[in-house]
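Visitor: Take this structure, written in structure tokens, and hold onto it; I'll ask about it next.
There are 2 protein chains.
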Amino acid sequence: MTSMITIDGNQAVARVAHRLNEVIAIYPITPSSSMGEYADEWSAAGITNLWGGLPKVIEMQSEAGAAGTVHGALQRGALTTTFTSSQGLLLMIPNMYKIAGELTPAVFHVAARSVASHALSIFCDHSDVMACRGTGFGMLASNSVQEAQDFALIAQAASLESCIPMLHFFDGFRTSHEVAKIVPVDDEVMREMIDDRWVQKHRQRALSPDRPAIRGTAQNPDVFFQSREAANLHYQRLPDILAGAMERFAGHTGRSYRLFDYTGAADAESVMVIMGSAAETAHDTVAHLTAQGDKIGLLKVRLFRPMCGERLVEALPRTVKRLAVLDRCKEPGAAGEPLYKDVVTAIAEHVSSGGGRFAGMPRVVGGRYGLSSKEFTPGMIRSVFDALKTDHPPNGFTVGIRDDVTHTSLEWDAGFQTDADLQTRHAIFYGLGSDGTVSANRNTIRIIGEETDWYAQAHFVFDSKKAGAITVSHLRFGDRPIRATYLIGKGEAEFVGCHQAMFIDRHDMLEMAKDGATFLLNVPWPTAEVWDRMPQRMQQQIIDKHLTVYAIDAYSVAKQAGLGKRINTIMQTCYFALADLLPRDEAIEKIKASVRQTYGTKGSRILEANFAAIDQALAHLSEVEPAAAATSTRQQQPSVPGDVPTFVSDVTGRLIAGHGDDIPVSLLPVDGTWPTGTAAYEKRQLALEIPVLEEDLCILCGKCVFVCPHSAIRSKVFSADAIEDAPDGFKAMPVKGKEFDAGLLMTYQVAPQDCTGCTLCVDICPARDKSNLSRKALNMHPIEPVLEREKQ
Amino acid sequence: MTSMITIDGNQAVARVAHRLNEVIAIYPITPSSSMGEYADEWSAAGITNLWGGLPKVIEMQSEAGAAGTVHGALQRGALTTTFTSSQGLLLMIPNMYKIAGELTPAVFHVAARSVASHALSIFCDHSDVMACRGTGFGMLASNSVQEAQDFALIAQAASLESCIPMLHFFDGFRTSHEVAKIVPVDDEVMREMIDDRWVQKHRQRALSPDRPAIRGTAQNPDVFFQSREAANLHYQRLPDILAGAMERFAGHTGRSYRLFDYTGAADAESVMVIMGSAAETAHDTVAHLTAQGDKIGLLKVRLFRPMCGERLVEALPRTVKRLAVLDRCKEPGAAGEPLYKDVVTAIAEHVSSGGGRFAGMPRVVGGRYGLSSKEFTPGMIRSVFDALKTDHPPNGFTVGIRDDVTHTSLEWDAGFQTDADLQTRHAIFYGLGSDGTVSANRNTIRIIGEETDWYAQAHFVFDSKKAGAITVSHLRFGDRPIRATYLIGKGEAEFVGCHQAMFIDRHDMLEMAKDGATFLLNVPWPTAEVWDRMPQRMQQQIIDKHLTVYAIDAYSVAKQAGLGKRINTIMQTCYFALADLLPRDEAIEKIKASVRQTYGTKGSRILEANFAAIDQALAHLSEVEPAAAATSTRQQQPSVPGDVPTFVSDVTGRLIAGHGDDIPVSLLPVDGTWPTGTAAYEKRQLALEIPVLEEDLCILCGKCVFVCPHSAIRSKVFSADAIEDAPDGFKAMPVKGKEFDAGLLMTYQVAPQDCTGCTLCVDICPARDKSNLSRKALNMHPIEPVLEREKQ
């Protein structure tokens, strides 16, 4: 398995696209951005394409410009691609109609993302690609990192051969950002798949004064309709061409795909039809349930346009009686989502034209799932099959939410796990955005993927507040290919890493822990104090689930090693030691190698500090002995204070606590209108250190107030009597300036719960102690004494 | 019927929209432009809306900006609308998702037009509105000028009540530019239809510091899906709200509409489902065929989104066995067009969920028609019903073209006429773009509509070459409402007007004439010469069809009256006299009144010249006596010369001859790629006068060459021996300038067949004869002597 690589979906796709194109026109949009960034980086580094040319990467001022550039480059005969998502894709629609109408070979790689409606969302569903289904592009869905890479190549081959442009899409974040262990396609396979005669044909069709022709004309009613039908044969041929490309690809790689891939019982009566990453989870779930004797199956739709109803019907078992078609999008006002209507049409056409594949007309129902990356789990999939088996299967249902308004939602068993997932190892890590946890876990999964025989998967959940917000890393690995495209569930993790002490009081991390799991804590306390500082619930979970607990003061190790606040390699080293994935020395060697790869360009000082931290890590790691009973008086903090408006307790508070998934439809605004000022209830308490004023040095310039991105520093002018009852140590100083009356005071006050400890205020502060230049008028101080003093 | 008005669809819609809105954000795009122009004109003239406010009309730099302006104005609580088409609508898609997601009441009025694909087209189909069917907008189709006006009001009422934005669409050109006699909605009806409480509710939802709220947030996977489902009830309610608005409207006006309107046999077995102006023709055709006992019917879909499958099913007769669903769009690669799949889904859901409306599962097939304003006639509609009755009705068929490649097309009887059309009077007029024929016919139809009890319709066919190209005016009027949304067919016109003598040799105008029809000719020849100057085919048609022929030298009448080249009122006067629509004196009075209305602002000289021309017209009109036999040796000119490339003879030549409709699919490029240089074969011969050089005055400045928009003037330098054999009168002069050898000559040569007679060259020519300032170096001369000389 040494030939396998462990990369994310965007990189896997960009690798192929960069190798097969000459012009790459982009405008960055989440979650597709990194495809363009990789391509740009590779071209800048002189990495050439399959023909030895250097792909030109062009960033425009919007996706509309990128689409125009693609169109223009294609018309000059260049192999051209782009990467986009969501609104970016919408801006390309006008050009897409033309690119398709002109029968131009090209592949657009789309990390599918929700289109903004009542709210913007950076997360995944298929509303963006569905908005393009009328353009005349072929549309090919890939379901995993491996498929996204493979289909990037297959789509390009089929597009060049058929002259029909392809929209190749895969799920944003779930596939684009999932790190997975895959077999790379090498140059030989690409060479075999791309026939240079097609490239020549594309070149020959370029607009050129050497072969003058005109395109982009205006047509009148006399010939437009006929011309629009003139391309029919091309569309009729594309499915065969694509199936042929898949067969050739299988011949070269052993990885076999079909336009419609069926898996499950040969005599299935209930079949789910689905597209995108959810098909992976459905695959495992169907395998699990058919092993128990369920007559069910799964049809993965890969080629969505052109839609071949007859092939779809042929791919289904003859025994089918009921079909559930799941769409990852919602078109309000449509009587069913796009894939559902396609399947209904295919079945109805087959039956009513006398086709005899099925004993009767199968019942087809449609449902929605996974909008904006809503989880789609084995339990939800089982609930769909359960609903299908009822006498009156619901249509237009939803799954994954609780709809208490129009009652579309199915109930599901959140604890249901597939055999495949039960045989997989799970680890989960809680970090802060920018604290290095995610990059350490990327390295970890790469080491596991590339240094062991295990299959490996890493998925990262970011709060969209980005820096300073919580990040959760979900790692899976094991002997069998990993198809679990959902997060690690409650009670499933064998390892829980908490990289920030502040989470202990706020997040119920141990609900994720499996019985007998290991819990690793980074805390600034002596090991002996750790147990007593835990909230009571955490203690009880440790006892009930028989957890083994380890603690390390990683910040102090990092500081000693000269790493500042970078604790990621220290925590990574502890994880490898505790999880016993590799022989300890080998693991440490691999971690150092990955550090060398990541920080190699930043100088030897950084490298050596990291190596020192790694070597020191295990010496500072120690086991925490749980007591026999949970005796702590500490309780987990509520997400918002008790006395708040109803909306804040019902909605905002649950969002902050990470329980937004449980909020039912009835509690949410129908039109995206939210109350203002609720940030007042969200006390993030992220800072380990906060700025404190030195009133003898302050020159009252106010820059700290101006620069604070969270408005956590305020200045105030007041008369002396206003602070007569202020606590000891309250900082104030006389105001200078003729516009102020004499005797007025001023302060710069920091809100410790809102400050993120970013230090921008300290960095900008211009006032220094002349006798000690490192002392400014604003300096960072550890927060605990400040909080203690506030409590007084 | 004095309360009726005769206006086009755009004006009818704009009238309502301007009256019901406060902000109108536009960017002009054919064929929707005049809606914005009217609104702008009315606001500039101080015409207020229903509430006494002056609507603010804002033109942006593109439709993307217009959509953003609409979105912003709506968020501030202003009643806001826009008008657009085609690519313009595509640029609005991103904002449309947001406007709908935020449940914002607004109506977008769309004159539906093809989206550019293999070629651009300004003409009508539904590809643009279909590209928006996922946005969450309600979508309402109106089928005629009357409906477009009525639905503009109904849509606004329903949108305000439901908070769901509506896309109100009607067919570009066919409805937007058709002049029809309709009942206007007056202010009282508007007042009754629009409840001010809805307006207040809209105001209250505006973003305002007085009621702070936030919209346009970002949402994460935790709540996006639930929020997206939270609006379900609004969509479920919209059909009832809209049906209620239609009922109230019927109460006020007597004009009754339903979401799905069925017409035809109560026991129909074959039913057509259709949307847009074609439903009008289908209405007449179904009435005609059911009168003959056919068990057929028609379902007009008015509310396309939300699609209510159950209501659709309920609107169908229980006896239905076969349905043909016709879509005016093509989505290459889709297994059926949008309306087709909606109907299949509705029927399949009804039957498979045990609904008992039909004896069995009706067979549903889909077809495409009318792309880019391709004609859709009663004969085509009958062919669809005929196809439905066969044992194996074709699916995915086309009608209106000949598809000899993928054989999708149905055959049809081009001569089939409905009873309704047989009872209607038809007149057809051939003019040149900018010669005034179209505006005269607009006045004519207005006079007929407003001064008689007849229903009236005018539709104008423009070549997209615009000025200088042929225009054909199709006028219908009669006792019954006119639903014919297709052009006047061959052999149907009781009156044929030829406003330009040059058409005689080039266009087969009399194929349109009915037996016994009247043919009016504007020719510069004495009446006695007219017969002999006709081509032989025209003479034969006159004899065979028993036509009465009249001639007038309208250009000479116009010149004498001081009207220059404006012949429109002269020809209009002759038409009224010959067609005997009104008592002659009354007709003349009405024509003068309409002249006063049209030219009143241009000064009394213009008015008086027109009045003189009108008074003189009939004195110069005389009947042409046909001879007993067609003895002319003149033949109609071929559209291109005989010896041309195959593509030019097969395609270009047929396009120029006006027979592009007959070109089969196989002859057209599949990808919009056309050969260049074919303009060389299109000799338009439009000019009555062309510029001729006065070599003694020319200063060789070259401005005439530079300014000619058709490149019909070329300059050439040559040695004297090159023109030794030139014909007499060939104009040349010595070249001046030291860069030329002595003895060289130069000419400015005009291509008479390419020149359009626009006079730009003469206007710009700076060289004048000092003794006769009206004589320039370039002067217009009648073309006939020039052509005669060329022939020598």
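Chains as they are written, first to last, in my numbering: chain A, 342 to 1133; chain B, 342 to 1133. No residue lacks a Cβ here, since even glycine has one placed at the ideal position from N, Cα and C.
#1: Since B:Glu570 and A:Thr942 should fall inside the 8 Å C-beta cutoff, what is the C-beta to C-beta distance between them, to a whole number of angstroms?
#2: Can A:Ala521 be considered in contact with the ligand COA, in the sense that its beta carbon sits closer than 8 Å to one or more heavy atoms?
#3: Below 8 Å, can you find three or more Cβ-Cβ pairs linking the stretch 375-389 of chain B to the stretch 398-407 of chain B?
#4: Is the shortest distance between the beta-carbon of B:Met702 and the beta-carbons of chain A less than 9 Å?
#5: For A:Cys1045, which of helix, strand or coil comes out of DSSP?
#6: Just the C-alpha distance for A:Gly326 and B:Ile388, rounded to the nearest angstrom, thanks.
#7: Here's a check: name, in chain order, each residue in its chain whose Cβ is nearer than 6 Å to the Cβ of A:Met480, leaving out the five neighbours to either side.
#8: Along the chain, where does the beta strand (DSSP E) containing A:Met507 start, and where does it finish?
#9: Between the C-alpha atoms of B:Leu657 and B:Val890, what's the straight-line distance to the nearest angstrom?
#10: How about B:Lys641 and B:Asp602: are their beta carbons less than 9 Å apart?
#11: Once the 5 residues before and after B:Ala842 are set aside, which same chain residues still bring their CB inside 8 Å of it?
#12: Determine the extent of the beta strand (DSSP E) in which A:Pro735 is found, giving its start and end residues.
#13: Would you say A:Leu432 lies against chain B (beta-carbon separation less than 9 Å)?
#14: A:Gln487 by DSSP, collapsed to three states: which one?
#15: Using the C-alpha atoms, what's the distance from A:Pro735 back to A:Ala728?
#16: State the DSSP-derived secondary structure class of B:Arg360, mapped to helix, strand or coil.
#17: Given a cut-off of 9 Å, decide if B:Val666 and B:Val685 are closer than it, judged by their beta-carbon atoms.
#18: Can you check whether the C-beta of B:His575 is within less than 9 Å of a C-beta belonging to chain A?
#19: What whole-angstrom Cβ distance do B:Phe801 and B:Ser814 have, given they're in contact under 8 Å?
#20: Return the chain-ordered list of same chain residues with a C-beta closer than 8 Å to the C-beta of A:Leu630, the five sequence neighbours on each side being excluded.
#21: Can you tell which of A:Lys831, A:Pro822, A:Glu502 and A:Ala521 has its C-alpha closest to the C-alpha of A:Asp537?
#22: What is the residue span of the alpha helix (DSSP H) that B:Cys915 lies within?
#23: Is the stretch 983-992 of chain A touching the stretch 1000-1015 of chain A, taking contact as three or more C-beta pairs under 8 Å?
#24: Give every residue of the same chain whose Cβ lies closer than 6 Å to the Cβ of B:Lys1044, excluding the five residues on either side of it in the sequence, and list them in chain order.
#25: Check each candidate in B:Ala619, B:Pro876 and B:Leu361 and name the one with the smallest Cα separation from B:Val530.
#26: Using 10 angstroms around the beta-carbon of B:Cys1042, count the other beta-carbons present and answer buried if the total reaches 16, otherwise exposed.
#27: Quick check: what's the CA-CA separation for A:Phe464 versus B:Phe565?
#28: Taking just the CA atoms, how far does B:Val470 sit from B:Phe424?
#29: Can you pull the chain B residues whose beta carbon is under 7 Å from the beta carbon of A:Tyr438, in chain order?
#30: Residues of chain A with CB under 8 Å from B:Gly477, in chain order?
#31: Which runs of the beta strand (DSSP E) at least 3 residues long sit entirely within the stretch 343-410 of chain A? Give them in chain order.
#32: Just by C-beta distance, which residues in the stretch 724-738 of chain A are closer than 8 Å to chain B?
#33: Assess, as a yes-or-no matter, whether the stretch 869-881 of chain B is touched by the stretch 898-906 of chain B under the definition of 3 or more beta carbon pairs within less than 8 Å.
#34: Provide the residue span of the alpha helix (DSSP H) that contains B:Arg1055, from first to last.
#35: Could you check what DSSP says for B:Trp753 in three-state terms: helix, strand or coil?
#36: So, do the stretch 696-714 of chain B and the stretch 666-679 of chain B have three or more beta carbon pairs nearer to each other than 8 Å?
Guide: Concretely, from the data shown:
#1: The Cβ separation is near 49 Å, so there is no contact.
#2: The ligand COA is absent from the structure shown, which contains no ligand whatsoever.
#3: yes
#4: yes
#5: helix
#6: As shown, chain A starts at 342 and ends at 1133. That puts residue 326 of chain A outside it, with no answer to give.
#7: Leu508, Phe645 and Arg646
#8: Met507 to Asp512
#9: 51 Å
#10: yes
#11: Leu862, Asn863, Val864, Pro865 and Trp866
#12: It is not in any beta strand (DSSP E) - A:Pro735 carries neither H nor E in the DSSP assignment.
#13: yes
#14: helix
#15: 7 Å
#16: helix
#17: yes
#18: yes
#19: 5 Å
#20: Ile637, Arg723 and Phe726
#21: A:Glu502
#22: Asn909 to Ala920
#23: yes
#24: Ile1105
#25: B:Leu361
#26: exposed
#27: 9 Å
#28: 13 Å
#29: Val456, Ala457 and Ser458
#30: Ser458, Glu672, Pro673 and Gly674
#31: 346-349, 364-367 and 397-400
#32: His733 and Asn736
#33: no
#34: Note, B:Arg1055: premise wrong, no alpha helix (DSSP H); beta strand (DSSP E) at Ile1054 to Ser1060.
#35: coil
#36: yes
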